[in-house]
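>
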Amino acid sequence: MERQCCVCKLRSLQPEAKGLSFHRIPAEPTRRSIWVSLLGFEKDHELPKCAAICWKHFRQSNFVIMGDEVRRLRSNAAPIPVHSAF
Numbered sequence: 001m002e003r004q005c006c007v008c009k010l011r012s013l014q015p016e017a018k019g020l021s022f023h024r025i026p027a028e029p030t031r032r033s034i035w036v037s038l039l040g041f042e043k044d045h046e047l048p049k050c051a052a053i054c055w056k057h058f059r060q061s062n063f064v065i066m067g068d069e070v071r072r073l074r075s076n077a078a079p080i081p082v083h084s085a086f
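For the sequence shown, counting from 1, position 42 maps to 42 in the UniProt record's numbering; every step adds exactly one.
1. Across which residues does DSSP place residue 24 in a beta bridge pair?
2. Quick one: what's residue 7 bridged to in DSSP?
3. DSSP three-state label for residue 85, please.
4. What is the rounded straight-line gap between the Cα of residue 63 and the Cα of residue 77?
5. Could you give the first and the last residue of the continuous alpha helix (DSSP H) run that contains residue 115?
6. From 48, 18, 20 and 17, pick the residue whose C-alpha is nearest to that of residue 89; which is it?
7. Given this structure, state the Cα-to-Cα distance separating residue 7 from residue 65, to the nearest angstrom.
8. What does a CB cutoff of less than 6 angstroms around residue 12 pick up in its chain, not counting 5 residues either side in sequence?
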């Protein structure tokens with residue numbers, strides 16, 4: 001299944017996205033609201049339920065490296081505020 005970053009529009013099947021991670025916006029209402037605000041969206045309904053963002057919108061400290069170099073997003077991670085991401 002192809003994913004698209006709802007911030008920078010990078011698509012998971014593009015050559016430049018090969019090997020990069022995409023992370024779904026949390027379904028839990030409180031965390032979802034925080035992420036939506038940090039990403040610069042006015043309202044939650046602007047995003048589909050399956051919305052995702054790419055790894056570029058997180059700090060390195062938000063990830064943990066698992067056994068075989070697989071990157072996992074920490075459970076308490078939050079994206080970099082969109083106004084400071086680039």
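Idealized CB from N, CA, C, for every residue including glycine.
In terms of the structure at hand:
1. 52
2. None; residue 7 has no bridge partner.
3. Because residue 85 carries a pLDDT of 47, less than 50, the predicted location of this residue cannot be relied on, and no value is offered for it.
4. 8 angstroms
5. The structure shown has nothing for residue 115, since the chain only spans 1 to 86.
6. In the structure as shown, the chain starts at 1 and stops at 86, and residue 89 therefore has no counterpart that could be examined.
7. 24 angstroms
8. 2, 3 and 22
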